[in-house]
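Peer 1: Residue numbers (our numbering), protein chains in the order written: chain A, 512 to 1028; chain B, 512 to 1028. From the three backbone atoms N, C-alpha and C, an ideal C-beta is built for every residue, glycine too. Quick one: the structure is below, and I'll ask about it shortly.
Written as structure tokens, this is what we have:
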């Protein structure tokens, strides 16, 4: 947040109409009542001060945070959420949680805790954040319900750092329950919209924590692999003028006195960087598609992992760079994210992701032959339908035992105008898709780098040359042969983990019907 | 580029009206004429085939690229641009360029090159891309005009991989000339708009190559440092609904049947991740500001390097994390990007960037005292103007010899409503800005993490509570104390290198008047 935004906020505040003030007054009254209630509650909890010897051992600080006493070595000091809480006579059992991990804790009336302090602890709402000072004790019997099974914490001081509202819009244990499990006992699961509507809570579940930590890993593996290969990271603009890209499926932006568009892909900019001698580039950033597609695998905004590179002799150098990058990602996930993968599998069981080294590369004609053999009727220059892609994925898995492969040499007719034709067979092209578990995660090609051939191809596709003038002009001052592709981050995570909805791998998904939170 | 976009393009092509066809026909005729001319030129260049013994040693391949003969060990095979070319009797001297590096090359009539081949080489336009096979020879006298001064290449084969148009919109050597240099000799410099209008060529200059390779380094250093500190990378949405953020300086997007906005900062989402137990997060992505500011340091779209973290005891933990990250960036640049820094300095001289370890942290009152002493009149709770920020930067540099420092504890009155007040002095706040060479690069703060206090602060600022409801609600289910800040990537690069216009450090800058390329 820069200074400018601060000023922006101030202007906004000034522009604030007075019509909202009445509502605000109401809110204020509500807030005041609540504060009063809380004060009463705190007084109740604490009882009269004289009789509580432990009054400094608990409380609700706000601005100045408590610190470890530091005097007793055996005591630990930690911050955690109250995952569950259960009062039992003179004791209160808490399960304290930090991300995916939790531990049992205990406040018991004795020389370190008063009756009032136990009552205070028992009243702490689930999901509240507490600081506790405690001793760590071995337990005789394993605590099966916690990740830390061999110990429990005996609490000597406890402070509520942030109190949660008592009524949660969803329960974390319901949100991680596998579909169908516990149905007989009438246990609930949480539907996806409720999860997404309350994403701040849903993201605390072990499943969400695992998914997004793994996603962070995918980005890092992608970038590190490419950086090691000599790629340069670039930043491409998301607001683009009308001229440079097509008009379909594009979001329009009001731009001062004119209109602009949100970039559907960084392709033109990646290619310009190649024409500007950056040789090999990648970028990671949002990509926008104004498609009214309400499917399990479409988002209107997703994260593109984009690659573009000049090659020396043959566009298969590009395929090799991309597939090797994917293999490095798969290996990195397998080797460093087993905990996360197992955590997700608990809720969403799936087969481990399989891949070959080197990556399997099939030609389009080979794939067609496999499909024909399986009884599919389709023409040589026809594109693959989604069901046929999935079927092909299964056939390839059976035959080659891999969940990842490249389909090379698509018919020229089904690819965009900027795709380089196959010099040996004009029916085909130097283009490829890549698939994970039978679903497409990348589409790419050698691009036409010659302005004249590009003009001819565009005319063949009946594209208005005026609209793509700046694109074509980029290649007029010397452009090396090059190719690339764009990968959808959310799809890679979804398919790697064997999930079935892309909204599970987008932190704050956007689709035609969802713009919040 | 995914399959969907491919389909998008096809639809667009189909939607193409016929009104453009006439224009296309014209273009086609033009293209055909050009092709004919080129063919003639090629024929002229090659002469009649019978008499040219070297006809296989040069040419203009398009789809199938030539390869190294591989027979002669002493020969190298390389791809480069023709930087300059000069024919001289039976010889043609070329300067070949790869990014920042160049070397002299020679084609001379002899047993490896015919007269026709030398003529062919002499006709290759500047900025064309060639593949050459050549022997490397030591030279007696250093070639001062090239980066490779001790050798030259004797070309035995040469192929034009991509021919540049003869007339360039700008000359690379003009684009890197320091302002004022060579004025007497009537040498040109290139103004910024011309550079930006022809960015594909301008990005080939040594200065641009250095700037954007260094920028790539800044991103890597930022992420690597934070990853080592246990931060998780997150991806936040750029299309947001009306409710979550303010209305000033926001771009509007048409979103199917409704309207949406482009995110001014990822702040809400970063904070939601903290409320969702991600503990420490960062993100790198575009940030949009619909401000009609036409200054040297404002863009309408820039890259935000954003940080947010929970802290244990005091918000200075956040400041320490951010300043240490900046210091790691400065050190990484100093240690690994000296070539790039020196290259940029050749065209834009500046003092080396100085920083202290640990970073200097001044309180707002101390800064005011320094300004008062320097004769500036301003009130205790007044914000710093841009000229005063710059003056302060100079005073700090004089006194502490650093180009980077933190200004802490801003007056509460000049900060946004979500800023945590100073618990010890209600006039001030737990907020900070960071400065490089006297210009702000980051604004940040401890955020109010308590829904009730946040409501009070918003009401104090007369903000419509309805509009920020989802923001406030994020803190109702337990939120740890946290803080963060956002850094502008382009500003960091500009100020580190001592440049004076942010358009130099944005590859494809966007401002109120520029949307292309």
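Which chain B residues are close to residue 640 of chain A, counting only those with a beta carbon under 8 Å from its beta carbon?
Peer 2: In the first chain, counting from the first residue as 1, residue 640 of chain A sits at position 129. The contacting residues are 989, 990, 991.
Peer 1: Give a yes or no on whether the minimum CB-CB distance between residue 754 of chain B and chain A is below 9 Å.
Peer 2: Start at 1 with the first residue of the second chain, and residue 754 of chain B comes out as number 243. Note that residue 754 of chain B scores 48 on pLDDT, short of 50, meaning its location in the model is unreliable and no value can be drawn from it.
Peer 1: Which residue comes first and which comes last in the beta strand (DSSP E) that contains residue 832 of chain A?
Peer 2: Counting from one through the first chain, the residue named residue 832 of chain A turns up at place 321. Premise fails: residue 832 of chain A lies in the alpha helix (DSSP H), 827 to 847, not in any beta strand (DSSP E).
Peer 1: At a CB distance below 8 Å, what residues from the segment 760 to 777 of chain B approach chain A? Give them in sequence order.
Peer 2: Hits within the stretch, in order: 760, 762, 763, 764, 765, 766, 767, 769, 771, 773, 775, 776.
Peer 1: By Cβ distance below 6 Å, which residues in the same chain neighbour residue 1014 of chain B in space, the five residues on each side in sequence not counted?
Peer 2: Against the second chain, residue 1014 of chain B aligns to sequence position 503. For residue 1014 of chain B, where only same-chain residues beyond five positions count, the Cβ hits under 6 Å are 1020.
Peer 1: At 7 Å on the CB atoms, spell out the chain B contacts of residue 901 of chain A, in chain order.
Peer 2: Taking the first chain and counting its residues from 1, one reaches residue 901 of chain A at position 390. Those within 7 Å of residue 901 of chain A in chain B number zero; the least Cβ separation is about 13 Å.
Peer 1: Any idea what DSSP makes of residue 532 of chain B, helix, strand or coil?
Peer 2: The residue you call residue 532 of chain B lines up with position 21 of the second chain. Confidence is the limiting factor: at residue 532 of chain B the pLDDT is only 49, short of 50, which leaves the residue's position unreliable, though a coordinate-based value still follows. In this structure, residue 532 of chain B counts as helix in the three-state DSSP scheme.
Peer 1: Shorter than 8 Å, the distance from the beta carbon of residue 661 of chain B to the closest heavy atom of the ligand PLP, or not?
Peer 2: Judged by which ligands are present, the structure shown has none, so any question about the ligand PLP falls away.
Peer 1: Relative to the alpha-carbon of residue 578 of chain B, which residue among B:644, B:871, B:759, B:862 has its alpha-carbon at the smallest distance?
Peer 2: By one-based count along the second chain, residue 578 of chain B stands at place 67. Minimum Cα distance to residue 578 of chain B is reached at B:644.
Peer 1: From this set, B:925, B:856, B:902, which residue's C-alpha is nearest residue 890 of chain B's C-alpha?
Peer 2: As a position in the second chain, residue 890 of chain B is number 379, starting the count at 1. Of the listed residues, the one whose Cα sits closest to residue 890 of chain B is B:925.
Peer 1: Flag residue 920 of chain A as yes if its beta-carbon sits less than 9 Å from any beta-carbon of chain B, otherwise no.
Peer 2: Residue mapping note: residue 920 of chain A aligns to position 409 of the first chain, counting from 1. No, residue 920 of chain A does not count as interfacial toward chain B.
Peer 1: According to DSSP, which residues form a beta bridge with residue 791 of chain B?
Peer 2: Along the second chain, one-based indexing puts residue 791 of chain B at 280. Per DSSP, B:820.
Peer 1: Pull the bridge partners of residue 496 of chain A from the DSSP assignment, please.
Peer 2: Since the first residue shown for chain A is 512 and the last is 1028, residue 496 of chain A is missing from the structure and cannot be characterised.
Peer 1: Expressed to the nearest angstrom, what Euclidean distance is found between the alpha-carbon atoms of residue 821 of chain B and residue 636 of chain B?
Peer 2: If you number the second chain from 1, residue 821 of chain B lands on position 310. If you number the second chain from 1, residue 636 of chain B lands on position 125. Approximately 59 Å, taken between the alpha carbons.
Peer 1: Count the other C-beta atoms from every protein chain shown that fall within 10 angstroms of the C-beta of residue 927 of chain A, then say buried if there are 16 or more, exposed otherwise.
Peer 2: In the first chain, the residue the question calls residue 927 of chain A occupies position 416. The residue in question, residue 927 of chain A, is buried, as its Cβ has 16 or more Cβ neighbours within 10 Å.
Peer 1: Candidates B:770, B:736, B:784: which alpha carbon is nearest residue 747 of chain B's?
Peer 2: Within the second chain, residue 747 of chain B is the residue found at index 236, counting from 1. Comparing Cα-Cα distances from residue 747 of chain B to each of B:770, B:736, B:784, the minimum goes to B:784.
Peer 1: Do the segment 934 to 951 of chain B and the segment 986 to 1004 of chain B touch if we need at least three Cβ pairs shorter than 8 Å?
Peer 2: With a cut-off of 8 Å, the segment 986 to 1004 of chain B and the segment 934 to 951 of chain B count as touching, because enough Cβ pairs lie within range.
Peer 1: Does residue 849 of chain B pass the burial test, meaning 16 or more other C-beta atoms within 10 Å, or should it be called exposed?
Peer 2: Here the question's residue 849 of chain B lines up with position 338 in the second chain. So residue 849 of chain B counts as exposed.
Peer 1: Please classify residue 696 of chain B as buried or exposed, where buried requires at least 16 other C-beta atoms within 10 Å of its C-beta.
Peer 2: Against the second chain, residue 696 of chain B aligns to sequence position 185. By the 10 Å Cβ count, residue 696 of chain B comes out exposed.
Peer 1: Within the chosen definition, does the segment 900 to 917 of chain A reach the segment 957 to 965 of chain A through at least 3 CB pairs nearer than 8 Å?
Peer 2: Segments in contact, no.
Peer 1: DSSP three-state call for residue 660 of chain B: helix, strand or coil?
Peer 2: Within the second chain, numbered from 1, the residue matching residue 660 of chain B stands at position 149. Correct three-state label for residue 660 of chain B: coil.
Peer 1: Is residue 613 of chain B buried or exposed, if buried means 16 or more other CB atoms sit within 10 Å of its CB?
Peer 2: Mapped onto the second chain, residue 613 of chain B falls at position 102. The residue in question, residue 613 of chain B, is buried, as its Cβ has 16 or more Cβ neighbours within 10 Å.
Peer 1: Which same chain residues end up closer than 7 Å to residue 893 of chain A when comparing Cβ atoms and leaving out the 5 residues on each side of it in sequence?
Peer 2: Here residue 893 of chain A refers to the residue found at position 382 of the first chain. For residue 893 of chain A, where only same-chain residues beyond five positions count, there are no Cβ hits under 7 Å.
Peer 1: If you count every other CB in all the chains shown that lies within 10 Å of the CB of residue 728 of chain A, and 16 or more means buried, which is it?
Peer 2: Within the first chain, the letter at position 217 stands for residue 728 of chain A. Residue 728 of chain A comes out buried.
Peer 1: Secondary structure at residue 565 of chain A, three-state DSSP: helix, strand or coil?
Peer 2: Taking the first residue of the first chain as position 1, residue 565 of chain A is located at position 54. Of the three classes helix, strand and coil, the one that applies to residue 565 of chain A here is coil, per DSSP.
Peer 1: Can you check whether the CB of residue 906 of chain A is closer than 9 Å to the CB of residue 923 of chain A?
Peer 2: As a working note, residue 923 of chain A is residue 412 in the first chain. As a working note, residue 906 of chain A is residue 395 in the first chain. For residue 923 of chain A and residue 906 of chain A, no; Cβs fall outside 9 Å.
Peer 1: Excluding the 5 residues preceding and the 5 following residue 900 of chain B in the sequence, name in chain order all residues of the same chain whose CB lies nearer than 8 Å to its CB.
Peer 2: The sequence position of residue 900 of chain B within the second chain is 389, counting from 1. If we look at residue 900 of chain B and ignore the five residues flanking it on each side, its Cβ neighbours are 946, 949, 950, 951.
Peer 1: Applying a beta-carbon distance threshold of less than 7 Å, which residues of chain B neighbour residue 828 of chain A?
Peer 2: Looking up residue 828 of chain A in the first chain gives position 317. Per Cβ cutoff of 7 Å: no residues; residue 828 of chain A is ~11 Å from chain B at best.
Peer 1: Flag this pair as touching only if the segment 834 to 847 of chain A and the segment 806 to 813 of chain B have three or more C-beta atom pairs under 8 Å; answer yes or no.
Peer 2: Contact fails: fewer than three Cβ-Cβ distances are below 8 Å.
Peer 1: Mind reading off the beta-carbon distance from residue 590 of chain A to residue 666 of chain A? Whole number of angstroms is fine, and I expect it under 8 Å.
Peer 2: Start at 1 with the first residue of the first chain, and residue 590 of chain A comes out as number 79. Start at 1 with the first residue of the first chain, and residue 666 of chain A comes out as number 155. Going by Cβ atoms, the distance from residue 590 of chain A to residue 666 of chain A rounds to 13 Å, so no, they are not a contact pair.
Peer 1: On a Cα-Cα basis, can you pick out the residue from A:568, A:739, A:761, A:831 that is closest to residue 620 of chain A?
Peer 2: Numbered from 1 along the first chain, position 109 holds the residue referred to as residue 620 of chain A. That would be A:568, whose Cα lies nearest to the Cα of residue 620 of chain A.
Peer 1: Determine whether the Cβ of residue 625 of chain A lies closer than 9 Å to any Cβ atom of chain B.
Peer 2: Counting from one through the first chain, the residue named residue 625 of chain A turns up at place 114. No, residue 625 of chain A does not count as interfacial toward chain B.
Peer 1: For chain B, check one thing: does any of its Cβ atoms lie closer than 9 Å to the Cβ of residue 852 of chain A?
Peer 2: As a first step, residue 852 of chain A must be located in the first chain, where it is residue number 341. False, the Cβ-Cβ gap to chain B never drops below 9 Å.
Peer 1: If you measure beta-carbon to beta-carbon, which residues of the segment 840 to 870 of chain A are closer than 7 Å to chain B?
Peer 2: Correct list: empty, as no residue qualifies.
Peer 1: For residue 604 of chain A, does the three-state DSSP call read helix, strand or coil?
Peer 2: Stepping through the first chain from its first residue, residue 604 of chain A is reached at position 93. If DSSP states are grouped into helix, strand and coil, residue 604 of chain A belongs with the strands.
Peer 1: Find the nearest neighbour of residue 592 of chain A within the set B:618, B:736, B:989, B:857, judged by alpha-carbon distance.
Peer 2: Numbered from its first residue, the first chain carries residue 592 of chain A at position 81. Ranking the options by Cα distance to residue 592 of chain A, first place goes to B:989.
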